[in-house]
Amino acid sequence: MTDGPKMKPELKMQAEVQSDVRKNPRRIAFILRRSSPYVKAQDDGRVMTYPTALARFIIALEVAFVLLVWISLLANAPLEGIADPMHTPNPAKAPWYFLGLQELLHYFPPMVAGVLVPGLVVGALIVIPYFNINIEGESLWARDRKRRLMIVGVALVLFCIFLLVFDVIVALVPTILIGGLMLWSARFSPESPKLFHRWLASKPLSFWIMSWFLVELTILTVVGTFFRGPGWSWVLPWQS
Amino acid sequence: MSDVKTQVQETPVGATAKDEKCKDCGRREFFAKVGMGSLAVAAAGAGLFSYEFFSPNVLFEAPPIVKAGKPDEFPQGSVTLDPKSAIYIINGNKGFYALSAICTHLGCLTAWKPELDLIACPCHGSRFNRDGVKVAGPAPEPLPWLKTWLAEDGNLMVDRSTTLKEPEYVKV
Amino acid sequence: MATTIKSEFERIRNTEVWRTIFRSGSGSSNLHRSQAVQQNIFLHLFSVKVRSRALEFSPTWYLGALTLSTFFILIATGILLMFYYHPSVPQAYADMKDLQFVVASGVFLRNLHRWSAHAMVFLVFAHMFKVFYRGAYRPPRQFNWVIGVFLLLITLLLSYTGYLLPWDQLAFWAVTVGSNIAKAVPLMGKQIRFLMLGGNEVNANALLRFYVLHCVILPLAAILLVGVHFWRIRKDGGLYVPEKKQL
Chain A
2 MTDGPKMKPE
12 LKMQAEVQSD
22 VRKNPRRIAF
32 ILRRSSPYVK
42 AQDDGRVMTY
52 PTALARFIIA
62 LEVAFVLLVW
72 ISLLANAPLE
82 GIADPMHTPN
92 PAKAPWYFLG
102 LQELLHYFPP
112 MVAGVLVPGL
122 VVGALIVIPY
132 FNINIEGESL
142 WARDRKRRLM
152 IVGVALVLFC
162 IFLLVFDVIV
172 ALVPTILIGG
182 LMLWSARFSP
192 ESPKLFHRWL
202 ASKPLSFWIM
212 SWFLVELTIL
222 TVVGTFFRGP
232 GWSWVLPWQS
Chain B
3 MSDVKTQVQE
13 TPVGATAKDE
23 KCKDCGRREF
33 FAKVGMGSLA
43 VAAAGAGLFS
53 YEFFSPNVLF
63 EAPPIVKAGK
73 PDEFPQGSVT
83 LDPKSAIYII
93 NGNKGFYALS
103 AICTHLGCLT
113 AWKPELDLIA
123 CPCHGSRFNR
133 DGVKVAGPAP
143 EPLPWLKTWL
153 AEDGNLMVDR
163 STTLKEPEYV
173 KV
Chain C
19 MATTIKSEFE
29 RIRNTEVWRT
39 IFRSGSGSSN
49 LHRSQAVQQN
59 IFLHLFSVKV
69 RSRALEFSPT
79 WYLGALTLST
89 FFILIATGIL
99 LMFYYHPSVP
109 QAYADMKDLQ
119 FVVASGVFLR
129 NLHRWSAHAM
139 VFLVFAHMFK
149 VFYRGAYRPP
159 RQFNWVIGVF
169 LLLITLLLSY
179 TGYLLPWDQL
189 AFWAVTVGSN
199 IAKAVPLMGK
209 QIRFLMLGGN
219 EVNANALLRF
229 YVLHCVILPL
239 AAILLVGVHF
249 WRIRKDGGLY
259 VPEKKQL
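Protein chains in written order, with my numbering: chain A, 2 to 241; chain B, 3 to 174; chain C, 19 to 265.
Shown next as structure tokens:
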């Protein structure tokens, strides 16, 4: 985007008065097919990055800063006694964002909960955009409804049995919840009268998996943070 | 590399990389291979060097053999945790033996719970009996038995780096 | 008064020295504004214009901008905290106490660093889920999603390494557990743990290693990837905003 011919002063004045590109088109660059960013023709309005978008970012920065300063003035960061290899605190908890993982470590061997599961999660996240099925975003029940219903049903039952065998009730509940919703959504089609039903029916498989992951992550983290006491036993947060 | 490829593609119509007409190509390909090969060797060497560099050769850690104390300090049937060396000295029916007090799950220091007659881990809830056998929880293995013997000065000695496969008891 | 300040500022913006720094000068035409972005090394990562839909609240909830904000706060407070921190045992813990009771504003800076770190982890996760549900990972934005996943990992590693630095009980046992998870990696788990801790137990070597990772290696990696992440937004055609559609 280099400027084209050298501008004369009067031209510059005009640019200041009328700067709407669509009214006064000026060629400022050739966009070649090979090097152009992939944008579909869109008819929506545009604003300048400087100063409009930048101002928005600065407002976001200020909001974050003000909130965090208030929190920091009101609450002190935790600091326990000096590290002591001779005494393990009970319960020994990681920071909240690792407590979902720690909750899993309570059920499965470290090889599974500490290496296999996080590895699979990261792998799954990375490959999301490289699967056509995710990109098309076609509803799970759009085609092959009966066959898919059977596959999903069997997979869900097997997974629930697996969780039951390892006694992972905490992970079982969200699985049944999301899985049930998923199977229920097969009853609806894009022609269903209710908006919520149509919305459910339009969701692709990746939506269901990601939502399951989100609910699972939230519940495991909440349980690990608030419902686990000495010896990683089940406690209610208002009891301790 | 890309230069080489371009050159190959720009040879006259009908000439491929392996074509005898393209005399230069074999030489270029050879040097490209030599170049890439030496880069690979250098990368492997750098990896090895980094591994060596990041592994400390001298450590200031506690020695594995510890003096646990005189046998008469441990009453019959007692399980005593020595938190400093992270071992249990147990005076059982068949004699003395030592267990590692570090949970085989994720390395937390376990504690003896006399009211339960169990060894319990505070981190993820594993429990072991006084022979180190897992009773509950996620620990993959029992607590290891450590080599124990009676020294000439009458002290029980424990080697934390040597685990026993079969239970052995020290009779006093 | 306000006009005086404005005209004075305008005068400064037209001085020769200012023009050597910001070449776009004082004009407010779109050309000047474009140049203000293009000719600034930091801003030129962004496109000159953005879709006004992308600036609305609902498509993004400003989660990316908020994440970057917390990252800025973390860099600023982190550098300040480094002035009073020795990565050695047991001095590290004593430094925490000094920050709490001796250093002016020390406790505030430590609080701000800790709470911003929590906020950043939360915001990174929220940003990821928001991008997913908006469908913004689809072509041509695949690779930017992958960079985002790596940024998530770096964020978690930054939190984890930062967690050990106060050398308190929480730190010590969280890292003991974490390093034993590394031991569970098949075949080379023991070596990984040994390299990670610089020994067989969580001790002074481990503290120093985590300090270097936390203060140098991981922040540099994060800054680098954040740069690529923003540049890719421009190269991939701006923020993805789904068209308003009826279900």
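All C-beta atoms in this analysis are idealised placements derived from N, C-alpha and C, irrespective of residue type, glycine included.
Nothing here was measured: the structure is a model prediction, and the numbers come from that model.
Nearest CB-CB separation between residue 96 of chain A and chain B: not below the 8 Å threshold. From the listed residues C:81, C:203, C:172, the smallest Cα separation to residue 232 of chain C is found for C:172. Closest in alpha carbon position to residue 111 of chain C, among A:83, A:144, A:100, A:87, is A:83. When DSSP assignments are scanned along the segment 89 to 118 of chain B, the uninterrupted stretches of beta strand (DSSP E) that are 3 or more residues long and fall wholly within it turn out to be 89 to 93, 98 to 102, 113 to 115. Residue 151 of chain C counts as exposed, since fewer than 16 other C-beta atoms from the protein chains shown sit within 10 angstroms of its C-beta. Taking every protein chain shown into account, the CB of residue 242 of chain C has fewer than 16 other CB atoms within 10 angstroms, so this residue is exposed.
Against chain B, the CB of residue 199 of chain C has a partner CB under 8 Å away; the residue lies at that interface. For residue 206 of chain C, the secondary structure class from DSSP, reduced to helix, strand or coil, is coil.
Neighbourhood of residue 156 of chain B in chain C, by CB distance below 8 Å: empty, with the nearest CB roughly 30 Å away. Secondary structure at residue 200 of chain A: helix, using DSSP grouped into helix, strand and coil.
For residue 156 of chain C, no alpha helix (DSSP H) encloses it, and the DSSP letter there is neither H nor E. In the three-state scheme derived from DSSP, where H, G and I count as helix and E and B as strand, residue 191 of chain C is classed as helix. By the Cβ-count criterion, residue 151 of chain B is exposed, with fewer than 16 other Cβ atoms from all chains shown falling within 10 Å of its own Cβ. Under the three-state reduction of DSSP, residue 201 of chain C is assigned to helix.
In the DSSP assignment, residue 86 of chain B falls outside any alpha helix (DSSP H), carrying neither H nor E. Three or more beta-carbon pairs separated by less than 8 Å link the segment 219 to 236 of chain A to the segment 84 to 100 of chain A, which places the two stretches in contact. Of the other Cβ atoms in all chains shown, 16 or more fall within 10 Å of the Cβ of residue 247 of chain C; this residue is therefore buried. Counting along the chain, the unbroken beta strand (DSSP E) around residue 70 of chain B starts and ends at 67 to 71. Between residue 95 of chain C and residue 127 of chain C, the CB-CB gap stays under 8 Å. Residue 111 of chain A has a beta carbon lying within less than 8 Å of a beta carbon in chain B. The segment 180 to 187 of chain A makes no contact with the segment 114 to 124 of chain A; the number of CB pairs closer than 8 Å stays below 3.
Proximity of the segment 99 to 114 of chain C to the segment 222 to 229 of chain C meets the contact definition, three or more beta-carbon pairs being nearer than 8 Å. Taking the beta carbon of residue 63 of chain B as reference, the chain C residues within 9 Å of it are 217, 218, 219, 221, listed in sequence order. Excluding its 5 nearest sequence neighbours in each direction, residue 144 of chain C has C-beta neighbours in its own chain below 7 Å: 81, listed in chain order. The segment 55 to 67 of chain B makes contact with the segment 157 to 166 of chain B, as at least three CB pairs between them are under 8 Å. By the Cβ criterion, the segment 186 to 205 of chain A is not in contact with the segment 162 to 175 of chain A, since fewer than three pairs of Cβ atoms, one from each stretch, lie closer than 8 Å.
Residue-level contact check: residue 89 of chain A touches chain B, since one or more beta carbons of chain B fall below 8 Å from its beta carbon. Taken in chain order, the unbroken stretches of alpha helix (DSSP H) that lie wholly in the segment 68 to 118 of chain A and span 4 residues or more are 100 to 108. When only Cα atoms are considered, residue 261 of chain C and residue 138 of chain A end up about 15 Å apart. The three-state reading of DSSP puts residue 64 of chain B in coil, since its state is none of H, G, I, E or B.
Among the residues of chain A, none has a CB under 9 Å from the CB of residue 24 of chain B; the nearest is roughly 29 Å distant.
In terms of Cα proximity to residue 198 of chain C, the closest of B:76, B:106, B:60 is B:106. Between the alpha carbons of residue 127 of chain B and residue 229 of chain A lies a gap of roughly 10 Å. Between residue 135 of chain C and residue 177 of chain C, the gap from beta carbon to beta carbon is short of 8 Å. Spatial neighbours of residue 143 of chain B in its own chain (CB-CB distance under 7 Å, excluding positions within 5 residues in sequence) are listed in chain order as 106.
By the criterion of at least three beta-carbon pairs nearer than 8 Å, the segment 158 to 171 of chain C is not in contact with the segment 47 to 60 of chain A.
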